[in-house]
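In full-length UniProt numbering, the protein residues as written are 1 to 277.
Note that CB positions come from ideal geometry on N, CA and C, so glycine has one too.
The model shown is predicted, which means the values in this text are computed figures rather than measured ones.
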């Protein structure tokens, strides 16, 4: 290798060092993680490639959100680079007897690069990173869904608890009906025909007219018997609508997240193998 460029990354900036094949530092400077900073960095890397007919080896440590800007820059400019996890970087750099400072980390990464075999990031690594992010996002959505479901159940128990016996609580129909009729008094303001038509209009599945009419009758009978803790003008009825709508949004986002994961995973060889099992 003719040159090594190493970065010590912090929020919005990096401290960069450039070493030659003789392990001598030729340049060290701070670069900002913005367009002007990356334009200067691109010129430096391209000048080294043009002058020495070889891309310099590039190495830096993964620091979560702070390092992702630099990763994007490398990927979009088709520069190969080595990305170390923090433990890997520490174990490799601790062997050097250099007084540790913020700036020394970049020097340590550069010097140890001459003596360690480091894995170069590839396109497939980016696919796995995207899948990992989506998987994390899916878990976050699932957690929020669980909280929202619990909140919805609690407020429905105050306004119209019988609804949970008439409809499947995770169904699209339940979530739509509970927004239309969060309180039994609102049901009693409408005729059976209106309620039946609203039920038919608020289900994605094909429902027979007689089935919708049965549900309308159940809803009316339940409304006649119900005596909830809150009145129809109570703010808790608004909360029912808010939580039901949010529940629907989260379900949709989960489906979209799964679709994205599938479309990204299709690029991997393992995907077809797993699907064939």
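Residue i - DSSP class collapsed to helix/strand/coil
| i | result |
| --- | --- |
| residue 274 | helix |
| residue 184 | helix |
| residue 193 | helix |
| residue 268 | coil |
| residue 230 | coil |
Residue i vs residue j beta-carbon contact at 7 angstroms
| i | j | result |
| --- | --- | --- |
| residue 226 | residue 184 | yes |
| residue 222 | residue 158 | no |
| residue 44 | residue 62 | no |
| residue 106 | residue 8 | yes |
| residue 127 | residue 267 | yes |
| residue 2 | residue 21 | yes |
| residue 172 | residue 204 | yes |
| residue 166 | residue 214 | no |
| residue 256 | residue 141 | no |
| residue 56 | residue 5 | yes |
| residue 240 | residue 147 | no |
| residue 261 | residue 134 | yes |
| residue 16 | residue 29 | yes |
| residue 228 | residue 160 | yes |
| residue 163 | residue 187 | no |
| residue 66 | residue 11 | yes |
| residue 116 | residue 69 | no |
| residue 243 | residue 131 | no |
| residue 216 | residue 200 | no |
Residue i, enclosing alpha helix (DSSP H) - first and last residue
| i | result |
| --- | --- |
| residue 259 | 235 to 265 |
| residue 180 | 172 to 180 |
| residue 208 | Unbroken run through residue 208: none, as it is neither H nor E. |
| residue 163 | 163 to 166 |
Cross-strand partners of residue i (DSSP beta bridge)
| i | result |
| --- | --- |
| residue 5 | 18 and 58 |
> What are the start and end residues of each continuous beta strand (DSSP E) run of 3 or more residues lying completely inside the UniProt domain "Transposase IS110-like N-terminal" (7 to 161), in chain order?
Replying inline: Every beta strand (DSSP E) of 3 residues or more that sits fully in the UniProt domain "Transposase IS110-like N-terminal" (7 to 161) is shown, in chain order, as 13 to 20, 25 to 32, 57 to 61 and 82 to 84.
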